[in-house]
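Under UniProt numbering, think of the first position of the sequence shown as 1, with each following residue one higher.
See structure below.
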Amino acid sequence: MPKASAVSVLVVDDQQSMRGIAKYILTQLGFKDIIEAKSGRDALGKLEKGNVDLIISDWNMEDIDGLTLLKVIRKHPRTQAMPFIMATGRSDKEQVKEAISFGVNNYIIKPFDATTMKKRIEAVIGALS
(Lines of atoms letter the chains of each structure in order from A; the text may use other names.)
(Lines give C-alpha, C1' and ligand atoms only; values in the text may rest on other atoms or scores of the structure.)
Protein backbone atom coordinates (compact mmCIF):
# COMPACT_ATOMS: atom_id res chain seq x y z
CA MET A 1 0.00 0.00 0.00
CA PRO A 2 1.57 3.26 -1.04
CA LYS A 3 1.54 6.08 1.46
CA ALA A 4 -0.05 9.12 -0.22
CA SER A 5 2.53 11.44 1.31
CA ALA A 6 5.32 9.49 -0.42
CA VAL A 7 3.75 9.67 -3.90
CA SER A 8 4.75 12.49 -6.25
CA VAL A 9 1.87 13.68 -8.47
CA LEU A 10 2.05 15.85 -11.59
CA VAL A 11 -1.23 17.70 -12.24
CA VAL A 12 -1.50 18.99 -15.83
CA ASP A 13 -4.29 21.39 -16.76
CA ASP A 14 -4.34 24.67 -18.67
CA GLN A 15 -6.95 26.09 -16.29
CA GLN A 16 -5.44 27.31 -13.04
CA SER A 17 -8.76 26.81 -11.23
CA MET A 18 -8.86 23.10 -12.15
CA ARG A 19 -5.23 22.63 -11.06
CA GLY A 20 -6.15 24.31 -7.78
CA ILE A 21 -9.15 22.03 -7.23
CA ALA A 22 -7.10 18.92 -8.05
CA LYS A 23 -4.29 20.05 -5.75
CA TYR A 24 -6.78 20.76 -2.93
CA ILE A 25 -8.36 17.29 -3.30
CA LEU A 26 -4.96 15.57 -3.48
CA THR A 27 -3.88 17.41 -0.32
CA GLN A 28 -7.09 16.24 1.41
CA LEU A 29 -6.18 12.67 0.42
CA GLY A 30 -2.75 13.03 2.04
CA PHE A 31 -0.54 13.83 -0.96
CA LYS A 32 2.22 16.34 -0.25
CA ASP A 33 4.45 16.28 -3.34
CA ILE A 34 2.19 17.88 -5.97
CA ILE A 35 3.71 19.48 -9.05
CA GLU A 36 1.59 21.66 -11.33
CA ALA A 37 2.00 22.06 -15.09
CA LYS A 38 -0.06 24.54 -17.14
CA SER A 39 0.27 22.65 -20.45
CA GLY A 40 1.46 19.42 -22.00
CA ARG A 41 4.70 21.17 -23.01
CA ASP A 42 5.18 22.43 -19.44
CA ALA A 43 4.58 18.88 -18.14
CA LEU A 44 7.25 17.43 -20.43
CA GLY A 45 9.71 20.03 -19.19
CA LYS A 46 8.96 19.15 -15.57
CA LEU A 47 9.30 15.43 -16.30
CA GLU A 48 12.77 16.06 -17.76
CA LYS A 49 13.84 17.76 -14.51
CA GLY A 50 12.57 15.11 -12.12
CA ASN A 51 10.58 11.94 -11.75
CA VAL A 52 6.97 11.66 -10.67
CA ASP A 53 4.96 8.64 -9.57
CA LEU A 54 1.58 9.61 -11.08
CA ILE A 55 0.29 11.98 -13.76
CA ILE A 56 -3.24 13.40 -13.73
CA SER A 57 -3.75 15.32 -16.96
CA ASP A 58 -6.58 17.22 -18.59
CA TRP A 59 -7.45 16.05 -22.10
CA ASN A 60 -8.31 19.38 -23.76
CA MET A 61 -5.40 21.81 -23.61
CA GLU A 62 -3.69 24.24 -25.95
CA ASP A 63 -0.31 23.32 -27.52
CA ILE A 64 0.04 19.68 -26.42
CA ASP A 65 -3.23 18.03 -25.36
CA GLY A 66 -3.55 15.20 -22.86
CA LEU A 67 -3.66 12.45 -25.47
CA THR A 68 -0.50 13.72 -27.20
CA LEU A 69 1.19 14.00 -23.79
CA LEU A 70 0.20 10.39 -23.05
CA LYS A 71 1.61 9.22 -26.42
CA VAL A 72 4.94 11.00 -25.81
CA ILE A 73 5.22 9.61 -22.26
CA ARG A 74 4.51 6.06 -23.44
CA LYS A 75 7.32 6.29 -26.05
CA HIS A 76 10.13 7.08 -23.60
CA PRO A 77 11.68 4.20 -21.62
CA ARG A 78 11.99 6.29 -18.43
CA THR A 79 8.31 7.28 -18.42
CA GLN A 80 6.56 4.55 -20.41
CA ALA A 81 5.25 2.73 -17.33
CA MET A 82 4.32 5.91 -15.41
CA PRO A 83 0.72 5.76 -14.14
CA PHE A 84 -1.44 8.22 -16.10
CA ILE A 85 -5.01 9.31 -15.31
CA MET A 86 -6.83 11.38 -17.93
CA ALA A 87 -9.30 14.03 -16.77
CA THR A 88 -12.00 15.07 -19.19
CA GLY A 89 -15.16 17.14 -19.12
CA ARG A 90 -17.08 14.66 -21.23
CA SER A 91 -17.75 10.95 -21.00
CA ASP A 92 -17.27 10.31 -24.71
CA LYS A 93 -16.89 6.53 -25.08
CA GLU A 94 -14.84 6.85 -28.28
CA GLN A 95 -12.48 9.30 -26.60
CA VAL A 96 -12.03 6.95 -23.64
CA LYS A 97 -11.38 3.98 -26.00
CA GLU A 98 -8.75 6.03 -27.83
CA ALA A 99 -6.98 6.92 -24.58
CA ILE A 100 -7.06 3.25 -23.49
CA SER A 101 -5.53 2.20 -26.82
CA PHE A 102 -2.57 4.50 -26.07
CA GLY A 103 -2.09 3.15 -22.55
CA VAL A 104 -3.99 5.44 -20.18
CA ASN A 105 -4.35 3.75 -16.79
CA ASN A 106 -7.64 5.36 -15.81
CA TYR A 107 -9.81 8.39 -16.47
CA ILE A 108 -11.85 10.76 -14.36
CA ILE A 109 -14.74 12.94 -15.49
CA LYS A 110 -14.76 16.59 -14.39
CA PRO A 111 -16.02 17.91 -12.12
CA PHE A 112 -14.79 15.31 -9.63
CA ASP A 113 -14.77 15.04 -5.85
CA ALA A 114 -12.30 13.56 -3.36
CA THR A 115 -14.08 10.18 -3.21
CA THR A 116 -13.99 9.74 -7.00
CA MET A 117 -10.39 10.93 -7.22
CA LYS A 118 -9.32 8.49 -4.49
CA LYS A 119 -11.05 5.57 -6.26
CA ARG A 120 -9.38 6.40 -9.59
CA ILE A 121 -5.94 6.77 -8.01
CA GLU A 122 -6.27 3.57 -5.94
CA ALA A 123 -7.36 1.65 -9.06
CA VAL A 124 -4.03 2.65 -10.63
CA ILE A 125 -1.43 2.62 -7.82
CA GLY A 126 -3.13 0.52 -5.12
CA ALA A 127 -4.91 1.30 -1.86
CA LEU A 128 -3.62 4.41 -0.12
CA SER A 129 -2.53 4.08 3.49
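Positions of the beta carbon are idealized from the N, C-alpha and C atoms, including for glycine.
Checklist line | Start and end residues, alpha helix (DSSP H) containing S17 | finding: S17 -> alpha helix (DSSP H) spans 16-28.
Check: In terms of residue numbering, what span does the alpha helix (DSSP H) encompassing M117 cover?
Finding: For M117, the enclosing alpha helix (DSSP H) begins and ends at 114-125.
Check: Just checking, does the segment 111-119 make contact with the segment 20-36 on the three C-beta pairs under 8 Å criterion?
Finding: By the Cβ rule, the segment 111-119 counts as touching the segment 20-36, because three or more pairs are nearer than 8 Å.
Checklist line | Assigned exposure category for N105 - 16 Cβ within 10 Å defines buried | finding: That one is buried.
Notebook entry, point to check: Is M18 near A127, with beta carbons less than 9 Å apart?
Noted result: No, they are not a contact pair.
Note to self: Measuring straight from C-alpha to C-alpha, what distance separates Q16 and I35?
What the structure shows: Approximately 13 Å between the Cα atoms of the pair.
Next item on the list: With DSSP as the reference, label D58 as helix, strand or coil.
Entry: D58: strand per DSSP, three-state reduction.
Check: Apart from the five residues just before and just after S129, which ones in its own chain have a Cβ nearer than 6 Å to its Cβ?
Finding: M1, K3, listed in sequence order.
Item checked: For S5, three-class secondary structure by DSSP -> In the three-state reduction of the DSSP assignment, S5 falls in the helix class, which pools H, G and I.
Note to self: According to DSSP, simplified to helix, strand and coil, what is L128?
What the structure shows: L128: coil per DSSP, three-state reduction.
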